[in-house]
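Here the sequence shown stands for residues 5 to 347, where the numbers follow mature numbering (1 follows the signal peptide of the UniProt record, and there is no 0).
Step one of this worksheet: look at the structure below.
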Amino acid sequence: PTLKETVGKYFYIGAAVNTSCVWERNTVEANIVKDNFNSIVAENCMKGEIIHPEENRYDWRDADQTMTFAEKHGLTVFGHCLVWHSQPPRWMFTDDKGKPVTREVLIDRMYHHITTVVSHYRGRIKGWDVVNEAFNEDGTLRHTPYYNIIGPDYIELAFRFAHAADPNAELYYNDYNMSTPAKREGVCKLVRALKAKGIRIDAVGMQSHNGYNYPDLKQYEASIDSIAACGVKVQMTELDLNMLPNPKSFGGAEISQRYQYNKEYNPYVKGLDKKAQKVFDSRYLTLFDIYRRHAAQIERVTLWGVTDATSWLNDWPIPGRTNYPLLFDRAGKAKKVVKEIVK
Ligand code: XIL
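So this is what it looks like as structure tokens:
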């Protein structure tokens, strides 16, 4: 049995797909998606920087093909994402002289972006990640350009605009490290506040960029329960398992250059050793066990990528590594643990 035939009975099971997959240039990945999953998310092509490169120009090519691929193969599409400080429309926050725009202008731009994108796919997308990664680890709102220019109400405005553009689409808030208690509390407060104002929100996405030693699974389960207690569904929106140790501090050219091919940060160049493979298997099994036990609260589980060959974790947070985060290996073969998951 496949993932969609088994765990797919409890919740949507899917993967983030890149453009090679949806244009079926990468036939290995396209076939994996058709055979094993019942839903997809665009890994990049529905993000602002790609779909809306200039104020008066949208580029629908890859996003439309994502829909074509999905509809041809009966896959449900989840939209990612409308408002995010990373990969935003590049022109969004400044005027033609390079000066930051006013609150009124940014609200207007955000309105047009959300309205145009959501209307373009009205009735064809199950739901949208409306706002992505708006919180700090301590549960306060991040000082992104949206926050700095508009103020904290940019979030509810985004949800209102999205709802008006497609009243039947579900609307989600999505973030990482959702097991951190303070962050989870901040997000739950937001959900309750939106609901109190009568603003539609259907689910919270716990990205679930997990590692071999994080998150604390007790906290992970606590987050599922807390989010569900706010009256929304939970979605595992970007599941993967980083099998390499993370550098002490993330990002920065200095770190990437210094450690790019450093064994210390890439110990499994020729594949995971036995011990690491065991950790990988048992962690995935435990995660899917948690998902099944919480099936009533969980709407979907989406893996962030199809095979290890194309996972973003080969390049993040350090470029040029060989990582093993997904359920299908570099050759496109289902890993052994999949047999256990579908039992
Ligand atoms: C990542 C993509 O996988 C990469 O290809 C891209 O270069 C950067 O973005 N959180 C998110 C996703 O919400 O959109 C990110 O996707 C991973 C982290």
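Don't be surprised by glycine CBs; every beta carbon is placed ideally from N, CA and C.
Residue 214: CB within 7 Å of a non-hydrogen atom of the ligand XIL: Checking the Cβ of residue 214 against the ligand XIL gives no.
Cut-off 6 Å between Cβ atoms - residues of its own chain near residue 298, not counting five sequence neighbours on either side: Excluding sequence neighbours, residue 298 sits near 228.
What is the rounded straight-line gap between the Cα of residue 97 and the Cα of residue 340? Looking at the two C-alpha atoms, the distance is approximately 47 Å.
From 282, 244, 159, residue whose alpha carbon lies closest to that of residue 203: Out of 282, 244, 159, 159 has the C-alpha closest to the C-alpha of residue 203.
Given a threshold of 16 other Cβ atoms within 10 Å of its Cβ, counted over all protein chains shown, does residue 117 qualify as buried or as exposed? It is buried - the Cβ of residue 117 has at least 16 other Cβ atoms within 10 Å.
Return yes when at least one heavy atom of the ligand XIL lies under 7 Å from the C-beta of residue 160, else no. No, since every heavy atom of the ligand XIL falls outside the 7 Å radius drawn around the Cβ of residue 160.
Taking all protein chains shown into account, do 16 or more other C-beta atoms lie within 10 angstroms of the C-beta of residue 325, making it buried, or fewer, making it exposed? Residue 325 is buried by the Cβ-count criterion.
By a C-beta neighbour count over all protein chains shown, 10 Å radius and 16 as the cutoff for buried, is residue 34 buried or exposed? Buried, by the Cβ-count rule.
Quick one: Cα of residue 278 to Cα of residue 76, how far? C-alpha separation (whole angstroms): 40 Å.
Which first and last residues belong to the alpha helix (DSSP H) in which residue 136 is found? From DSSP, residue 136 is part of no alpha helix (DSSP H) but of the beta strand (DSSP E) over 131 to 136.
Alpha carbon of residue 125 to alpha carbon of residue 54, nearest angstrom: Roughly 16 Å separates the two Cα atoms.
Looking only at its own chain, which residues have a Cβ that is under 8 Å from the Cβ of residue 137, when we skip the five neighbours before and after it? Excluding residues within five positions, the ones whose Cβ falls inside 8 Å are 88, 89, 90, 146, 178, 179, 180.
Alpha carbon to alpha carbon, what distance is there between residue 310 and residue 36? Distance between the alpha carbons of residue 36 and residue 310: 7 Å.
Is it true that the CB of residue 130 sits closer than 8 Å to the CB of residue 80? Closer than 8 Å, so yes.
Do three or more CB pairs link the segment 319 to 333 to the segment 270 to 285 at distances below 8 Å? With a cut-off of 8 Å, the segment 270 to 285 and the segment 319 to 333 count as touching, because enough Cβ pairs lie within range.
If I measure Cβ to Cβ from residue 224 and keep anything under 6 Å in the same chain, skipping five residues before and after, which residues do I get? In the same chain as residue 224, and ignoring 5 residues on each side of it, the C-beta atoms closer than 6 Å to its own belong to 183, in chain order.
Quick one: does the C-beta of residue 89 sit closer than 7 Å to a heavy atom of the ligand XIL? It does not: the Cβ of residue 89 is nowhere closer than 7 Å to a heavy atom of the ligand XIL.
Residue 319 classed as buried or exposed, judged by whether at least 16 other C-beta atoms fall within 10 angstroms: Exposed: under 16 other Cβ atoms inside 10 Å.
What do you reckon, is the C-beta of residue 75 under 7 Å from a heavy atom of the ligand XIL? Not one heavy atom of the ligand XIL sits closer than 7 Å to the Cβ of residue 75.
Starting from the Cα of residue 357, find the closest Cα among 50, 163, 216 and give me that residue. Lying outside 5 to 347, the shown extent of the chain, residue 357 is not represented and no answer is given.
Residue 239 and residue 207: beta carbons closer than 8 Å? Their beta carbons are under 8 Å apart, which means residue 239 touches residue 207 by this criterion.
With distances taken from CA atoms, which of 78, 201, 191 is nearest residue 233? Ranking the options by Cα distance to residue 233, first place goes to 191.
Check: residue 56 C-beta below 7 Å from any heavy atom of the ligand XIL: The ligand XIL has no heavy atom closer than 7 Å to the beta-carbon of residue 56.
Using a Cβ-based criterion (distance less than 7 Å to any ligand heavy atom), does residue 308 qualify as near the ligand XIL? Proximity of the beta carbon of residue 308 to the ligand XIL is indicated: a heavy atom of the ligand is located closer than 7 Å.
Between residue 243 and chain D, is any beta-carbon pair separated by less than 8 Å? Annotation note: the requested chain D is absent from the structure, which comprises a single protein chain.
N-terminal and C-terminal residue of the beta strand (DSSP E) that residue 305 is part of: From DSSP, the beta strand (DSSP E) with residue 305 extends over 302 to 307.
Using a Cβ-Cβ cut-off of 6 Å (strictly less than) and excluding sequence neighbours within five positions of residue 348, which residues of its own chain qualify? Here the chain comprises residues numbered 5 to 347, so residue 348 is not present and cannot be evaluated.
Check residue 61 in the structure and name its three-state DSSP category. In the three-state reduction of the DSSP assignment, residue 61 falls in the strand class, which pools E and B.
Does the distance between the C-beta of residue 180 and the nearest non-hydrogen atom of the ligand XIL fall short of 7 Å? Result yes, Cβ under 7 Å from the ligand XIL.
Beta-bridge partners of residue 84, as assigned by DSSP: Beta-bridge pairing links residue 84 to 133.
Would you list the residues sitting across from residue 210 in a DSSP beta bridge? Per DSSP, the beta bridge partners of residue 210 are 179, 240.
For the alpha helix (DSSP H) that contains residue 159, what are its first and last residues? First-last of the alpha helix (DSSP H) with residue 159: 158 to 169.
Nearest-angstrom beta carbon gap, residue 212 and residue 169 [assumed within contact, 8 Å]: With a Cβ gap of about 28 Å, residue 169 and residue 212 do not count as contacting.
Beta-bridge pairing of residue 331 - partner residues as DSSP gives them: Bridge partners of residue 331: none, in fact.
Rounded C-alpha distance that separates residue 285 from residue 243: Annotation: residue 285 to residue 243 spans about 14 Å, alpha carbon to alpha carbon.
With distances taken from CA atoms, which of 235, 172, 210 is nearest residue 200? Per the Cα distances, 235.
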